[in-house]
Amino acid sequence: MWAGATVIEPDFSLALIELSRGGADATVVREFDMVTKQFVKDGFELPEAKTTIAWQDRDTVLVGTDFGPGSLTESGYPRIAKRWRRGRPLEEAETIFEGEVTDVSVSAGYDATPGYERLVVGRSIDFFNRRRFELRDGELIEIKVPTDAGVSVHRDWLLIRLRSEWTVGSTTYPAGCLLAARYDDYLAGTADLAVVFEPDPHTSLETFAWTRDRLVMISLVDVVSRVEVVTPGSWERTQVAGIPPNTNTVLVDADEFGDEIFLDSSGFDTPSRLLWGRAGGEITEIKRAPSFFDTADLAVSQHFATSDDGTRIPYFVVGQRHKKIPGPTLLSGYGGFEVSNTPSYSGVLGRLWLSRGGTYVLANIRGGGEYGPTWHTQAMRENRHLVYEDFAAVARDLVERGVTTVEQLGAQGGSNGGLLMGVMLTRYPELFGALVCSVPLLDMRRFHLLLAGASWVAEYGDPDNPDDWEFISEYSPYHNISTDRSYPPILITTSTRDDRVHPGHARKMTAALEEAGHRVHYYENIEGGHAGAADNAQTAFRAALIYEFLHRTVGAAPADG
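Sequential numbering of the sequence shown, starting at 800, is according to the working numbering.
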């Protein structure tokens, strides 16, 4: 399977192509000539591993991979970064940086911009904390920012994205801020910090990227995208006109060597639109994806449920304007790792659910990043219960507002969202008519011992620490299966080739549920990696399986004819 490519800039003549066996995270790497359209004979090539690789120049790459015993972290990612020159065996590559075995990973990258050449290395201490250095003339110079902050270096500028409050001198900057300073002045300790973005109760920073001379910034206002162009130095912000309202807009590409930008804008009822323009200029739609279902009678609305602690939790409702309610409803959520759930177009959801009379609901629960980093950090570790209380609050609100009934309410989630489904099953079974739990974490006593699980201890806590296990054990689905309570039917899916979340989670949960006398359906695809499917045919089969299960359990009416 195709797993991505790293193309040399600015001439785009060579690429390092990654290919995955069955959709796994581990890949093989092969060098490809973009001019001749052929793989390079005796070029850079690496066997299957969880590799990181970047160009330094045409004849040099920076690589982290499985170099042999001791070269990987406990999470299974590279612990060592090396400089590898063309024509030399990998064994002779020069070690430029090493992390600790307890780190998540190390990485190295090179900025080849003329006049601004920089080699930057870093070690991820855990999933959210990282130390970064510039390697200059053999010396490591630390970029001293909070370890949980994000960092971007572009030409003269350093950007710092805060995940927690930071006090510098007499000034305290809140979590979610984006700060700027001149890079060389910052390393010298003489820089003045400028505030580029500061969040408010409704607005958070989603992403940003540089063109040569401008910063393109996308924020979320109550989970709806706003795009702005920022002028460095003055940091004046100008909102980009022509962005469709009530949509999710993502930055596809920004030209670091020019001023072109490409945006992709879509919504629940609006197919993807590719927008092009120049930073500071007008934006034009240049291509549109086809529609896969009729949206003429479709309505999208946003509502707020009240969680147990009084927090207002937003959610979107998508359904037919003239449909009878209550009716079959599918609720989706994730709630982890500061991942934002935003409006997006899905032809499969539209064809197999909305067009057949179902209502779709997207819950923006805590644990995500919809309202900035504090929306996530307040629901980590011992406060994980907030994620599950939020999702349950949305489920109750849908029934109370008459959108659906308990018997007609299904819910689905994958990965961390699969853990969410496991908790809904074992803690809130009375709220749902059916659940779909995909590539899930479920055994929270042993998650850190399986595959990449050690890297998630910062999110969930350490089960080997008795104090942490005390709060983890309260929600770990595998350890909270009841033989007395009635559970809704559940479909659990996984992949044999998932090398991120071990399929053992799904297998043992299914066995335990069966032993306890509960209704459980199970599907394991032998390929697919963490996505659960390796190609379009497998994706189609898996989608059909899930939606047929939902139609049979929560009762959406079949399409006419």
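Each residue gets a CB set at the ideal place from its N, CA and C atoms; glycine is no exception. Quantities reported herein were computed from a predicted structural model and do not represent experimental measurements.
Query                                                                                                         : Result
Where N1140 falls, given that 16 or more other Cβ within 10 Å makes a residue buried                          : buried
Cβ-based neighbour list, G1166, same chain, cut-off 7 Å, excluding 5 preceding and 5 following                : G1134, G1135, H1175, A1178 and V1186
Nearest-angstrom Cα separation, counted from R1296 out to S1285                                               : 32 Å
Reduced DSSP secondary structure (H/G/I, E/B, other) of Y1321                                                 : strand
Cβ-Cβ separation, L1129 to A1162 (assumed contact under 8 Å), whole Å                                         : Incorrect: roughly 11 Å between the Cβ atoms, too far for contact.
Three-state secondary structure (DSSP) of A1305                                                               : helix
P1265, DSSP secondary structure in three states                                                               : helix
DSSP beta-bridge partners of M1016                                                                            : F1007 and E1027
Minimum length 3: unbroken beta strand (DSSP E) runs contained in the region 863-941                          : 879-884, 893-897, 904-910, 917-923, 929-935 and 938-941
Simplified DSSP state of V1235, which is helix, strand or coil                                                : strand
Proximity to R857 [Cα-Cα], best of R885, P1302 and R1036                                                      : R885
CB-CB length for A993 against D984, believed under 8 Å                                                        : A993 to D984, Cβ: 12 Å. No contact.
Uninterrupted beta strand (DSSP E) stretches inside the region 1179-1230 (no shorter than 3 residues)         : 1208-1213
The region 1256-1266 in contact with the region 1197-1214 per 3-pair CB rule at 8 Å                           : no
Buried/exposed call for N1324, threshold 16 Cβ in 10 Å                                                        : buried
Which listed residue (F1061, S1237, G988 and I1042) has its alpha carbon closest to that of K943              : G988
Exposure of F1348, with buried meaning 16 or more beta-carbon neighbours within 10 Å                          : buried
Per-residue DSSP class, three states only, for L1270                                                          : Before going on, a small fix: residue 1270 reads as Phe here, not Leu. If DSSP states are grouped into helix, strand and coil, F1270 belongs with the helices.
Cβ-Cβ distance between V860 and W883 below 8 Å                                                                : yes
Neighbour-count burial assignment, N1047, 16 or more Cβ in a 10 Å radius                                      : buried
CA nearest to the CA of G1221, picked from I1291, T1002 and I1124                                             : I1291
Alpha-carbon to alpha-carbon, R1120 and A1098                                                                 : 6 Å
Under 8 Å between C-beta atoms of A974 and P1172                                                              : yes
Exposed unless 16 or more other CB atoms sit within 10 angstroms - verdict on T1000                           : Here residue 1000 is Pro; the residue named in the question, Thr, does not match the sequence. Flag for P1000 reads exposed.
Option nearest D1107 by Cα separation, candidates R1155, Q855 and N1182                                       : N1182
Y1274 classed as buried or exposed, judged by whether at least 16 other C-beta atoms fall within 10 angstroms : buried
Same chain, Cβ closer than 6 Å to I807, five either side skipped, listed in chain order                       : L813 and W854
Nearest neighbour of R1150, chosen from A1339, V1020, G1126 and L1019 [CA to CA]                              : A1339
DSSP-derived helix/strand/coil call for S951                                                                  : strand
T970, DSSP secondary structure in three states                                                                : strand
Contiguous beta strand (DSSP E) assignments of at least 3 residues, all confined to the region 1111-1152      : 1111-1119 and 1128-1131
Assigned exposure category for K1438 - 16 Cβ within 10 Å defines buried                                       : Residue coverage of the chain in this structure runs from 800 to 1360, which leaves residue 1438 outside it and unanswerable.
Beta bridge counterpart(s) of A1104 as assigned by DSSP                                                       : I1112
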